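K.L.:
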Amino acid sequence: MTEYIKNMEIRNQNLTRYITPLREGGSLPALAEADDGFKYVVKFRGAGHREKALIADFLGSEIARAAGFRVPEQVFLNLDEYFGQAEGDEEIQDLLKWSQGLNLGVHYLQGAMTLDPYANPVDEKLASGIVWLDTFITNVDRTVKNTNMLLWNNEVWLIDHGASFYFHHAWSDWEKSALTLFPYIKDHALLHKATRMKEADSVIRRNLTSRRLSEIVDAIPADWLQWDGASPEEGEERREVYRNFLKKRLNEVDIVKAVEDARAKQI
13 MTEYIKNMEI
23 RNQNLTRYIT
33 PLREGGSLPA
43 LAEADDGFKY
53 VVKFRGAGHR
63 EKALIADFLG
73 SEIARAAGFR
83 VPEQVFLNLD
93 EYFGQAEGDE
103 EIQDLLKWSQ
113 GLNLGVHYLQ
123 GAMTLDPYAN
133 PVDEKLASGI
143 VWLDTFITNV
153 DRTVKNTNML
163 LWNNEVWLID
173 HGASFYFHHA
183 WSDWEKSALT
193 LFPYIKDHAL
203 LHKATRMKEA
213 DSVIRRNLTS
223 RRLSEIVDAI
233 PADWLQWDGA
243 SPEEGEERRE
253 VYRNFLKKRL
263 NEVDIVKAVE
273 DARAKQI
């Protein structure tokens with residue numbers, strides 16, 4: 013694990029060139045270039061679960077970074093009405109039209125390869141930490157079929173946390189959801205290697221404080237919280253729910269027990 017950079021600040025850039033779609037699942041992300049000259053994997057607010065997916069991806073990735081894991085830099089990418097007009101695919105044209113405004117960009121790791129949890133070595137300490145993280149953020153999408161882990165420069169990098177925080181799709185009884193032991197962890201790609209949970213729990217909790225979680229939630233763009241035409245006030249109420257969900261989960265859920273129970277059933 014790496015050391016988290018304190019006083020997080022997310023850069024804001026403008027998209028300048030649409031390069032190619034990345035046809036993965038139904039969200040249709042793309043490889044694009046921004047005005048800083050870097051390439052990014054762009055997650056569009058007009059796709060799939062719209063702003064909720066961007067919020068989940070942003071929160072999950074920044075929490076992973078705060079916990080000490082390697083995560084590609086995230087930036088906010090502005091898409092104006094003229095971007096991508098030369099794109100001939102009508103589906104993509106519609107997506108870009110629906111995604112005007114602020115989107116989420118993830119720094120493109122040139123040459124990275126998808127990690128195979130059985131063919132590629134992942135030590136038990138790192139595996140335990142990743143399983144802890146995904147239990148905490150209720151991430152259903154780090155399975156053998158789709159690990160959402162990359163090998164880059166011989167190091168493990170975590171990507172794609174948009175399937176986390178699934179409570180917000182119903183947006184009801186968030187307190188109960190915050191206290192779940194997360195049974196879906198039984199399908200985690202690294203569960204078989206998560207043998208050092210108490211050690212991982214101790215290390216992560218030193219970094220992942222309530223204050224740090226609040227700072228991450230504060231960085232969610234305000235207009236992402238105003239889905240379905242919500243007012244700015246309703247958006248800030250939603251921000252507070254995310255904040256309280258995370259604090260409650262951090263302080264009241266026994267992550268180690270949740271994982272060890274799942275491992276016992278697996279064995």
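If you read the sequence shown in this note's numbering, its first letter stands for residue 13, the second for the next number, and so on. Cβ coordinates follow ideal geometry from the N, Cα and C atoms, glycine included. Quick caveat, the model's predicted, so the values are computed rather than measured.
Look at the alpha carbon of GLY117 and the alpha carbon of ALA182, and state the distance between them as a whole number of angstroms.
P.N.:
Taking the sequence shown and counting its residues from 1, the one referred to as residue 117 is at position 105. Taking the sequence shown and counting its residues from 1, the one referred to as residue 182 is at position 170. Spanning the two alpha carbons is a distance of roughly 26 Å.
K.L.:
Does GLU74 come out as helix, strand or coil in the three-state DSSP assignment?
P.N.:
Locating residue 74 in the sequence shown gives position 62, where the first residue counts as 1. The answer is helix: DSSP assigns GLU74 an H, G or I state.
K.L.:
How about the stretch 152 to 160 and the stretch 207 to 225: do they share at least three Cβ pairs that are nearer than 8 Å?
P.N.:
No, because fewer than three Cβ pairs between the stretch 152 to 160 and the stretch 207 to 225 fall closer than 8 Å, the two stretches do not touch.
K.L.:
Who are the Cβ neighbours of PRO195 in its own chain at under 7 Å, not counting the five residues just before and after it?
P.N.:
The residue given as residue 195 occupies position 183 in the sequence shown. Here the set comprises nothing.
K.L.:
Run through the DSSP bridge pairs and tell me what MET125 is partnered with.
P.N.:
On the sequence shown, position 113 is the one that residue 125 refers to. According to DSSP, MET125 bridges with LEU163.
K.L.:
Thinking just about the alpha-carbon of each residue, which of ASN26, GLY123, LEU262, LEU114 is nearest to the one in GLY58?
P.N.:
Taking the sequence shown and counting its residues from 1, one reaches residue 58 at position 46. Of the listed residues, the one whose Cα sits closest to GLY58 is LEU114.
K.L.:
Identify whether PHE148 lies in helix, strand or coil by the three-state DSSP scheme.
P.N.:
One-based indexing of the sequence shown puts residue 148 at position 136. Residue state, collapsed to three classes: helix.
K.L.:
Report, in whole angstroms, the separation of the C-beta atoms of LEU203 and ALA274, which I expect to be a contact under 8 Å.
P.N.:
Start at 1 with the first residue of the sequence shown, and residue 203 comes out as number 191. Start at 1 with the first residue of the sequence shown, and residue 274 comes out as number 262. Contact flag correct, Cβ pair sits at about 6 Å.
K.L.:
By Cβ distance below 6 Å, which residues in the same chain neighbour ASP185 in space, the five residues on each side in sequence not counted?
P.N.:
Within the sequence shown, numbered from 1, the residue matching residue 185 stands at position 173. Cβ-Cβ distances below 6 Å link ASP185 to nothing in the same chain once the five nearest sequence neighbours on each side are left out.
K.L.:
Which residue from VAL215, PHE179, ASN132, LEU121 puts its Cα closest to that of LEU145?
P.N.:
Your numbering for residue 145 matches position 133 in the sequence shown. Out of VAL215, PHE179, ASN132, LEU121, VAL215 has the C-alpha closest to the C-alpha of LEU145.
K.L.:
Please classify ASN333: is it buried, with 16 or more other beta-carbons within 10 angstroms of its beta-carbon, or exposed?
P.N.:
This structure does not reach residue 333, given that the chain is present from 13 up to 279, and the question cannot be answered.
K.L.:
Please list, in chain order, all residues of the same chain as GLN112 whose beta carbon is under 7 Å from its beta carbon, the five residues on each side excluded.
P.N.:
Taking the sequence shown and counting its residues from 1, the one referred to as residue 112 is at position 100. Excluding residues within five positions, the ones whose Cβ falls inside 7 Å are LEU91, ASP92, GLU93.
K.L.:
Pull up the CB-CB distance for HIS119 and PHE50, whole angstroms please, since I reckon it's below 8 Å.
P.N.:
One-based indexing of the sequence shown puts residue 119 at position 107. One-based indexing of the sequence shown puts residue 50 at position 38. Right, their Cβ atoms sit about 7 Å apart.
K.L.:
When burial is assigned at 16 or more other CB atoms within 10 Å of the CB, is GLU15 buried or exposed?
P.N.:
To locate residue 15, count along the sequence shown from 1; it is residue 3. Per-residue confidence for GLU15 stands at a pLDDT of 40, beneath the threshold of 50, marking its modelled position as unreliable; the derived number appears in the next sentence. Exposed is the call here.
K.L.:
Following the continuous alpha helix (DSSP H) through TYR52, name the residue where it begins and the one where it ends.
P.N.:
If you number the sequence shown from 1, residue 52 lands on position 40. No alpha helix (DSSP H) holds TYR52; the beta strand (DSSP E) holding it covers 51 to 55.
K.L.:
With a floor of 4 residues, list each alpha helix (DSSP H) that falls wholly inside the stretch 196 to 238, ordered by position along the chain.
P.N.:
209 to 219, 222 to 230
K.L.:
What number of angstroms, rounded off, separates the C-alpha of VAL83 from the C-alpha of ALA190?
P.N.:
Stepping through the sequence shown from its first residue, residue 83 is reached at position 71. Stepping through the sequence shown from its first residue, residue 190 is reached at position 178. Cα to Cα, the separation comes out at about 24 Å.
K.L.:
Measure the CB-CB distance between ILE171 and ILE75 and report whether it falls below 9 Å.
P.N.:
Within the sequence shown, the letter at position 159 stands for residue 171. Within the sequence shown, the letter at position 63 stands for residue 75. Against a cut-off of 9 Å, the Cβ pair of ILE75 and ILE171 comes out as no contact.
K.L.:
Can you tell me where the beta strand (DSSP E) with GLN25 in it begins and where it stops?
P.N.:
The residue given as residue 25 occupies position 13 in the sequence shown. Looking at the DSSP string, the run of the beta strand (DSSP E) that includes GLN25 is 24 to 33.
K.L.:
When the Cα of PHE179 is compared with those of ARG261, LEU162, PRO233, GLU21, which residue comes out closest?
P.N.:
Numbered from its first residue, the sequence shown carries residue 179 at position 167. Minimum Cα distance to PHE179 is reached at ARG261.
K.L.:
Can you tell me whether DSSP reads GLY141 as helix, strand or coil?
P.N.:
Against the sequence shown, residue 141 aligns to sequence position 129. GLY141 falls in the helix class under three-state DSSP.
K.L.:
Helix or strand or just coil, what does DSSP make of PHE88?
P.N.:
Walking along the sequence shown from the start, residue 88 turns up at place 76. For PHE88, the secondary structure class from DSSP, reduced to helix, strand or coil, is strand.
K.L.:
For LEU193 and VAL265, I'd like the C-alpha separation in whole angstroms.
P.N.:
Within the sequence shown, the letter at position 181 stands for residue 193. Within the sequence shown, the letter at position 253 stands for residue 265. About 7 Å.
K.L.:
Can you look up TRP183 in the DSSP assignment and give me helix, strand or coil?
P.N.:
By one-based count along the sequence shown, residue 183 stands at place 171. The answer is coil: DSSP assigns TRP183 none of H, G, I, E or B.
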